[in-house]
Structures are given as C-alpha cells and as structure tokens.
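S.K.: Mind looking over this structure? Questions follow.
In my numbering, the protein residues as written are -16 to 137.
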C-alpha cells in the first residue's frame, strides 16, 4: 500500500509516476515543488490527521483512516477525474493520478479494515464513530479553507 502511495519505483502506474505526469502537463516544476514547505493550512491538516492516529486507540484511528480517508478519497478523486475534463484548456490533461487513487483506494480500505479486524477487541463503536467524525471534520475544515482561498483569488 505504501509502496504504491509514496515511491512506486519502476511502476508506471504508481501514484508518484502518475502525479509526475499530471505535474508535467500543468507545467509545474516538480523538483522545486518537492522542496517547498506545505502551506500552513495543509500542514495543519497533516498534523491533525497524524494526531488523530497518534492519540486515539489503534482501532479508532484505523477505522477513521479507512472510512474518513481511503473510502472518502473514492468520492473526491472521482469528482476530480470527472471535473477536470470540463475545465477549458484541461480537456487533454492526463487523469492517471486520479485513476490510480480510484484503482487503489478499494484495496487500501480493505487493508485498513483487515487491520482493524485484527485489533478489534470489544471495541466501543460510539468512540470509533467519533474518530471517523473527527477525521471528516479535519477534512471538511481543510476543504473549506481551499474553497475560501480559491474564491478570494478570483
């Protein structure tokens, strides 16, 4: 799972390889982009997600990541894939990065669900639900900031 996500090696369909094709199409300087620090709101999103995984019991954070991250990504990347072709000038944009997520998130969700089953010992599903809600709140806050920044740029 992490091999596909982070360093796909020689796999032409890894997330990293597909993102490189997208960045190239968008004329992004990927080496420079890799050296950049995340924006404050992105760093806060990353830290909040890590804190949830670090501070919650393992079964709660696995459920939160499986549902609030991997499973939700299916909806998000489906919207990206459908929407990008509707933007003037991006009709020929490679969509492999979005397709890689749509292809892999099912397996990522399954892996996390199986890990959850291994650590599930009389779990309190109310608390699991709260962990999932916390991650969804973290994502909602991040996307609301994105929309706000995008609206202000116009």
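We put the beta carbon where it would ideally sit given N, CA and C, even for glycine. Remember, it's a predicted structure, so these values are computed and weren't measured experimentally.
Pick out whichever of 118, -6, 53 has its Cα sitting closest to the Cα of residue 33.
M.R.: Taking the first residue of the chain shown as 1, we reach residue 33 at position 50. Cα-wise, what sits closest to residue 33 is 118.
S.K.: In whole angstroms, give me the CA-to-CA distance for residue 85 and residue 21.
M.R.: Working through the chain shown from its first residue, we reach residue 85 at position 102. Working through the chain shown from its first residue, we reach residue 21 at position 38. Between residue 85 and residue 21, the C-alpha separation is close to 24 angstroms.
S.K.: Rounded to whole angstroms, how far is the Cβ of residue 114 from the Cβ of residue 39, which I believe are closer than 8 angstroms?
M.R.: Looking up residue 114 in the chain shown gives position 131. Looking up residue 39 in the chain shown gives position 56. Residue 114 to residue 39, Cβ: 5 angstroms. Contact.
S.K.: Once DSSP output is grouped into helix, strand and coil, what is the label at residue 148?
M.R.: It is not possible to answer for residue 148, since the shown part of the chain is limited to -16 through 137.
S.K.: Starting from the C-beta of residue 95, find all residues in its chain whose C-beta is less than 7 angstroms away, skip the five residues before and the five after it, and write them out in chain order.
M.R.: Taking the chain shown and counting its residues from 1, one reaches residue 95 at position 112. Contacts found: 45, 48, 49, 53.
S.K.: Determine the burial state of residue 121: buried for a count of at least 16 other Cβ atoms within 10 Å of its Cβ, exposed for fewer.
M.R.: The sequence position of residue 121 within the chain shown is 138, counting from 1. Counting Cβ neighbours within 10 Å, residue 121 comes out buried, since at least 16 surround it.
S.K.: For residue 14, which three-state DSSP category applies?
M.R.: On the chain shown, residue 14 is found 31 positions in, with the first residue counted as 1. Of the three classes helix, strand and coil, the one that applies to residue 14 here is helix, per DSSP.
S.K.: Rounding to the nearest angstrom, what Cα-Cα distance links residue 111 and residue 71 in this structure?
M.R.: Locating residue 111 in the chain shown gives position 128, where the first residue counts as 1. Locating residue 71 in the chain shown gives position 88, where the first residue counts as 1. Approximately 42 angstroms between the Cα atoms of the pair.
S.K.: Relative to the C-alpha of residue 100, which candidate in 83, 19, 42 has its C-alpha closest?
M.R.: Within the chain shown, the letter at position 117 stands for residue 100. For residue 100, the nearest C-alpha among the options comes from 42.
S.K.: The alpha helix (DSSP H) with residue 19 in it runs from where to where?
M.R.: Residue 19 sits at position 36 when you count from the first residue of the chain shown. Counting along the chain, residue 19 falls outside any alpha helix (DSSP H), and DSSP gives it neither H nor E.
S.K.: Label residue -3 either buried or exposed according to how many other C-beta atoms from any shown protein chain fall within 10 Å of its C-beta, with 16 as the threshold for buried.
M.R.: For this step, residue -3 is matched to residue 14 along the chain shown. Classification for residue -3: buried.
S.K.: Go ahead and label residue 123 buried or exposed: buried means 16 or more other beta carbons lie within 10 angstroms of its beta carbon, across all protein chains shown.
M.R.: Looking up residue 123 in the chain shown gives position 140. Residue 123 is exposed by the Cβ-count criterion.
S.K.: Enumerated in chain order, which unbroken segments of the alpha helix (DSSP H) with a length of 4 residues or greater are wholly contained in the region 46 to 109?
M.R.: 55 to 67, 79 to 102, all fully within the region 46 to 109.
S.K.: Which residues mark the beginning and the end of the alpha helix (DSSP H) in which residue 9 is found?
M.R.: As a working note, residue 9 is residue 26 in the chain shown. Taken as a continuous stretch (DSSP letters only), residue 9 belongs to no alpha helix (DSSP H), as it is neither H nor E.
S.K.: Where does residue 120 fall in DSSP's three states?
M.R.: The sequence position of residue 120 within the chain shown is 137, counting from 1. If DSSP states are grouped into helix, strand and coil, residue 120 belongs with the helices.
S.K.: Grab me the residues of residue -16's own chain with a C-beta within less than 6 angstroms of its C-beta, minus the 5 sequence neighbours each way, in chain order.
M.R.: Here the question's residue -16 lines up with position 1 in the chain shown. The predicted position of residue -16 is uncertain, since its pLDDT is 47 and thus under 50; a value taken from the coordinates is nonetheless stated next. 91, 94, listed in sequence order.
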